[in-house]
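*Asks:*
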Amino acid sequence: MKKIELSDCDLKVISDICAKYEKKESELINILHKIQSHFGYLPEEVQRAVASELDIPVARVYGVVTFYSFFTMQPKGKYAVSVCLGTACYVRGAEAVVAALEKELGIKVGGVTDDGLFSLDCLRCVGACGLAPVMMVGEKVYGRVTPEQVGHILDEYRRNS
Amino acid sequence: MDKKIKVIIDNKSVEVAPGTTIYQAAKQAGVDIPVLCYMNLHDLGVENKPGGCRICVVEVEGRKNLAPSCSTECTEGMVVRTHSVRVLNARKNVLELILSDHPKDCLLCQKSGRCELQDLAVRMGIREIHAVENALVSTYRKDESPSIIRNMDKCVMCRRCETICNEVQTVGALSAVNRGFNAVVATAFEQDLKDSRCTFCGQCVAVCPTGALTEVDHTPKIINALADPSKTVIVQTAPAVRAALGEEFGFAPGTLVTGKMVTALRRLGFDKVFDTDFAADLTIMEEGTELLKRITGYLNGDKTVKLPILTSCCPAWVNFFEWNYPDMLDVPSSAKSPQQMFGALAKTYFAKMMGIDRKNLVVVSVMPCLAKKYECQRDEFKVDGNPDVDYSISTRELAHLIKLANIDFASLPDSGFDDPMGESTGASVIFGVTGGVIEAAVRTAYEIYTGRKLESVDFHELRGFEGIRTATIDFNGLKLNIGIAHKLGNARKLLDGIRAGMYNFHAIEIMACPGGCIGGAGQPLHHGDSSIIQARMDAIYREDAGKKIRKSHENPYIKRVYGDFLGYPMSEKAHELLHTHYFKKEKL
Chain A
171 MKKIELSDCD
181 LKVISDICAK
191 YEKKESELIN
201 ILHKIQSHFG
211 YLPEEVQRAV
221 ASELDIPVAR
231 VYGVVTFYSF
241 FTMQPKGKYA
251 VSVCLGTACY
261 VRGAEAVVAA
271 LEKELGIKVG
281 GVTDDGLFSL
291 DCLRCVGACG
301 LAPVMMVGEK
311 VYGRVTPEQV
321 GHILDEYRRN
331 S
Chain B
1050 MDKKIKVIID
1060 NKSVEVAPGT
1070 TIYQAAKQAG
1080 VDIPVLCYMN
1090 LHDLGVENKP
1100 GGCRICVVEV
1110 EGRKNLAPSC
1120 STECTEGMVV
1130 RTHSVRVLNA
1140 RKNVLELILS
1150 DHPKDCLLCQ
1160 KSGRCELQDL
1170 AVRMGIREIH
1180 AVENALVSTY
1190 RKDESPSIIR
1200 NMDKCVMCRR
1210 CETICNEVQT
1220 VGALSAVNRG
1230 FNAVVATAFE
1240 QDLKDSRCTF
1250 CGQCVAVCPT
1260 GALTEVDHTP
1270 KIINALADPS
1280 KTVIVQTAPA
1290 VRAALGEEFG
1300 FAPGTLVTGK
1310 MVTALRRLGF
1320 DKVFDTDFAA
1330 DLTIMEEGTE
1340 LLKRITGYLN
1350 GDKTVKLPIL
1360 TSCCPAWVNF
1370 FEWNYPDMLD
1380 VPSSAKSPQQ
1390 MFGALAKTYF
1400 AKMMGIDRKN
1410 LVVVSVMPCL
1420 AKKYECQRDE
1430 FKVDGNPDVD
1440 YSISTRELAH
1450 LIKLANIDFA
1460 SLPDSGFDDP
1470 MGESTGASVI
1480 FGVTGGVIEA
1490 AVRTAYEIYT
1500 GRKLESVDFH
1510 ELRGFEGIRT
1520 ATIDFNGLKL
1530 NIGIAHKLGN
1540 ARKLLDGIRA
1550 GMYNFHAIEI
1560 MACPGGCIGG
1570 AGQPLHHGDS
1580 SIIQARMDAI
1590 YREDAGKKIR
1600 KSHENPYIKR
1610 VYGDFLGYPM
1620 SEKAHELLHT
1630 HYFKKEKL
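Residue numbers (the working numbering), protein chains in the order written: chain A, 171 to 331; chain B, 1050 to 1637.
1) Reducing DSSP to helix, strand and coil, say where His-1091 (chain B) ends up.
2) What is the DSSP secondary structure of Ile-1198 (chain B), counted as helix, strand or coil?
3) Between the region 1223-1238 of chain B and chain A, which residues of the former have a C-beta closer than 7 Å to a C-beta of the latter?
4) Would you kindly work out how many angstroms separate the C-alpha atoms of Val-268 (chain A) and Ser-177 (chain A), rounded to a whole number?
5) Looking only at its chain, what residues have a beta carbon closer than 6 Å to the beta carbon of Asp-1507 (chain B), apart from the 5 residues adjacent to it on each side?
6) In terms of alpha-carbon separation, which member of A:Gly-313, A:Val-235, A:Asn-330 and A:Gly-308 lies closest to Glu-1239 (chain B)?
7) Check for me: the beta strand (DSSP E) holding Glu-1558 (chain B) runs from which residue to which?
8) Tell me whether the beta-carbon of Phe-237 (chain A) lies closer than 7 Å to the beta-carbon of Arg-1228 (chain B).
9) Among residues of its own chain, excluding the 5 on either side of Ser-1441 (chain B), which ones have a beta-carbon nearer than 6 Å to its beta-carbon?
10) Go ahead and pull the three-state DSSP assignment for Tyr-312 (chain A).
11) Quick one: what's Thr-1483 (chain B) bridged to in DSSP?
12) Take the Cβ of Cys-179 (chain A) as the centre, count every other Cβ of all protein chains shown within 10 Å, and call the residue buried at 16 or more, exposed below.
13) Which of the three DSSP states, helix, strand or coil, is assigned to Tyr-1440 (chain B)?
14) Any idea which residues DSSP pairs Arg-1190 (chain B) with across the strands?
15) Determine which residues of the region 204-232 of chain A have a Cβ less than 9 Å from any Cβ of chain B, and write them out in chain order.
16) At which residues does the alpha helix (DSSP H) containing Gln-1388 (chain B) begin and terminate?
17) To the nearest angstrom, report how far apart Met-1619 (chain B) and Ala-1225 (chain B) are at their CA atoms.
18) Does the region 1585-1598 of chain B touch the region 1474-1492 of chain B, meaning 3 or more C-beta pairs lie closer than 8 Å?
19) Check whether the Cβ of Thr-236 (chain A) lies closer than 7 Å to any Cβ atom in chain B.
20) Comparing C-alpha positions only, which one of B:Val-1205, B:Ala-1232, B:Ala-1255 and B:Leu-1275 sits nearest to Val-1412 (chain B)?
21) Quick check: the Cα distance between Leu-1157 (chain B) and Gly-1221 (chain B), rounded to an integer number of angstroms?
22) Looking at chain A, is there any beta carbon in it that lies within less than 7 Å of the beta carbon of Gly-1221 (chain B)?
23) Do His-1509 (chain B) and Leu-1529 (chain B) have their C-beta atoms closer together than 7 Å?
24) Using a Cβ-Cβ cut-off of 8 Å (strictly less than) and excluding sequence neighbours within five positions of Asp-225 (chain A), which residues of its own chain qualify?
25) So is His-1091 (chain B) buried or exposed if we call it buried at 16+ other beta carbons inside 10 Å?
26) Going along the chain, which unbroken runs of the beta strand (DSSP E) with 3 or more residues stay wholly within the region 1338-1367 of chain B?
27) Compute the Euclidean distance between the alpha carbons of Glu-1064 (chain B) and Ile-1054 (chain B), then round it to the nearest angstrom.
28) According to DSSP, simplified to helix, strand and coil, what is Tyr-249 (chain A)?
29) Would you call the region 1345-1362 of chain B and the region 1542-1556 of chain B in contact, with 3 or more CB pairs under 8 Å?
30) With burial defined as no fewer than 16 other Cβ atoms inside 10 Å of the residue's Cβ, what is the status of Val-1186 (chain B): buried or exposed?
31) Any idea what DSSP makes of Asn-1114 (chain B), helix, strand or coil?
32) In three-state DSSP terms, what is Ala-1066 (chain B)?
33) So with CB distances below 8 Å, who are the chain A contacts of Asn-999 (chain B)?
34) Since Cys-1566 (chain B) and Pro-1364 (chain B) should fall inside the 8 Å C-beta cutoff, what is the C-beta to C-beta distance between them, to a whole number of angstroms?
As C-alpha cells, this is what we get:
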C-alpha cells in the first residue's frame, strides 16, 4: 500500500479526537468512526497514530478496522457511490444496478475512478426497503433505481465538480 | 466459605464451589469433555476461554440450546449430559465444519502426531466431512521469522496465541483480523512477524493446538555439519532441557535425563558435548560482580549508578525491553546470556586450545527456547559475519535428531560432559526456573560481599510460581531487595513501577516464559497441563541439590578459565567477550 505522511495538522486532528473520548480503548470504534469521517479512510499511518494515542498495540486497531466493513483502508472518491444489496434490494434487481455502475464508471466494486471523483461499494440494508433497489451517492439516497438511470444520476455529480 | 453447589453430570453427582464451570465440574466427576479453544494453565495464571469453538458443548436439562461447558457456570441442581445423541451429533458437526476448510496434509505437517485437532478427529472418529461439498480450503501465505513459522491456513481461530501474546505477555504483536472465512490471527497490517514487535518468546507456538504456529527447524543443517569432515562440531545444552527431554521418549514429566542426553549427543557425532550450565556459572561471575559493583557505587553515593540491575539471560525479555523501554537500556546487566557467553568463549578460548579456525568450528546450542534462534543471529554476536553460536535447536528438535539417528534413548547408559566447558554447579542448573538466576547470583554475591561462607544455599523465599515475587536477603547488614517476575506481562508491571519510581529494588530477575525456561516454547508441548511444568521445576531443584558444588565461584573450571584466559570478572577481556549492549527498537 502507498505510504503517506501525516502532517502535524493531521496528527493534531487524531490527537484531538482521541482526547475527546478520553483516550479510552473502549471508545476505539467511535474514535475510528470520527477519524474516518475526517480523512475519508483509515490508512496504516493513521492507525499507528491512533494506537500510539491510546497506548494499545496497533495490531488491535488493525483487527477492528478489518473486522467492520464500514471501515476502509482505501481512499474513497469525492462522491462515494454505494448500492444496497440487502434482501429487498437484491430481489428487485440491485445486481443489475451494480453491473451498470461498474460499466459506467469503468471500475469494480471497491475501486476508485482514476480522476478520484467516484468510488463504488456495496452495503447492506439502509432501511429504505420500500424504495428498493436503493443506491446512495454520499448521503443522498436514490430509490427504485433502474440500470438505465445510473448514467443520468452520475452526470449530476460530474457537472458539479 | 460459600455454599457448595450440587450438580449431576452423566448421572454422577458432584459438589462444586460457586463459579465452577461445567467443564471443571465434569473433571471432578471423572468426565473428560473434549475441548479445542479452551486452555487453562491454572497454576501459571494463563487461561484462554473464548467459548468460540463449540467442541465442548453439553446438554443441560431445561435449557433449549446446548451450552459451551468451558464457559457456562454450574447452577444448583443442574443436570448435564455430555454424550447424548444430540450432543455427539452437534460436536461431530462442529468438528466437521472446523475441518472443512482446514488443509488435510496431516502426514506432511510439523505438528502431526502432537496436534490437538488431529487428536480430536481421531477421538470423534471422523471418517468423512459431510458439512460442505467442495468446501474451500483456507489459504494464507506462509511467514517465516528467525524463530517462528506461521502457517495460518492451519489456524482454527482458537485465539490461544492472541491471549498469550496480549494478555499474558502484553507484547501485542498478534490480533484477530478480518472476518468470516478470511478471519485469521495476524500482525498489524499482516506484516511478517519479523517486522512486528514480536519478541520471539514463542509462547504462541507453545499453546497452538495445530500446525499453524511452529518453530524453524535447524535439524537438517546440523546433520550436514556433523557429516562434514572439515568441521569440528560442538554442542551446549541449556539447564531446562535435561528436565524435559525425557518426555519426548515416554518418560514421566520431571524425569532427569542428563546422562542419557549426553550419551545421545555423543552418539549423534558431536565432537565435544559441553554444558551451557558452565556458561551460566560464568554469567554469575560477571553479572554478580556487576551487581556488587553497582551496589557499592550506589552506597558510596555515585549518582551515575543505575539500580536495580536487571538480569539479561532471556532473549525474549531483551527484545521486550528494547521495544518497550528504550529509555531504560542502561538498567539491565550488560552480561551476555549463557548461550552467547558459551559461544564467544568456544570460538576464542576453546578454538585456540584446539588450534582450529573459528570458521571450522560449528557451535550448536540445545535450548528450551525459540527466541535463542533469533538471539544467535543478532549482528553483535558475530565476528566478520561468523556467529558465535551457529545454530540453536529446541528440546523438541533434539528429540527428533535422536529419533532420526535410530538411538534407543530409554536404554542409553549415562555419561558425563566433556572438559573444560562441561563442568557446572547447582547454581547454574537452577537458571532453568523462575527465580533461579537471582538465587544463583545471591549464592555467589553473598560470599564475595560478606567474605563469609553461606550456611544454607537454598533460598526458598525466591522460589515458586507466583508471577511477581519479592524478597529481602540480608547480606550481613546490607538488606538486598530482590524482585522476580516471569511472563512478560508481569515484567511490564515491574518495569512500569520502576519507571514511576515506585520500587526500591536492588536486583530483578525476569524470564519471559511461564515458570521460566522449563516452560519455554522449545520444550515438549504441555497441551495445557501445568503439572508438567511443576514436575520439571522439581526436577531442576533435585539436580541442584544433588550437585557436589552449588556455588558458581567454586566451579574449578571457571577458576581455570579466569586464570588462563579472562583474567578476572569484568576485566577488559571479559568485557570484550562476555558483555554486550542493547539497541533501541522503534515502537510500532
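We put the CB at the ideal spot given by N, CA and C, even for glycine.
*Replies:* Put simply:
1) helix
2) strand
3) Leu-1223, Ser-1224, Ala-1225, Val-1226, Asn-1227, Arg-1228, Thr-1236, Ala-1237 and Phe-1238
4) 37 Å
5) none
6) A:Val-235
7) 1556-1560
8) yes
9) Ser-1414, Met-1416, Lys-1421, Lys-1422 and Cys-1425
10) strand
11) Thr-1483 (chain B) pairs with nothing; no bridge assigned.
12) exposed
13) strand
14) BP columns for Arg-1190 (chain B) are empty, so no partner.
15) Glu-214, Gln-217, Arg-218, Ala-221, Ser-222, Ile-226, Pro-227, Val-228, Ala-229, Arg-230, Val-231 and Tyr-232
16) 1387-1394
17) 47 Å
18) yes
19) yes
20) B:Leu-1275
21) 31 Å
22) yes
23) no
24) Lys-193
25) exposed
26) none
27) 5 Å
28) strand
29) yes
30) exposed
31) coil
32) coil
33) Any property of residue 999 (chain B) remains undetermined from this structure, which presents chain B solely from 1050 to 1637.
34) Going by Cβ atoms, the distance from Cys-1566 (chain B) to Pro-1364 (chain B) rounds to 11 Å, so no, they are not a contact pair.
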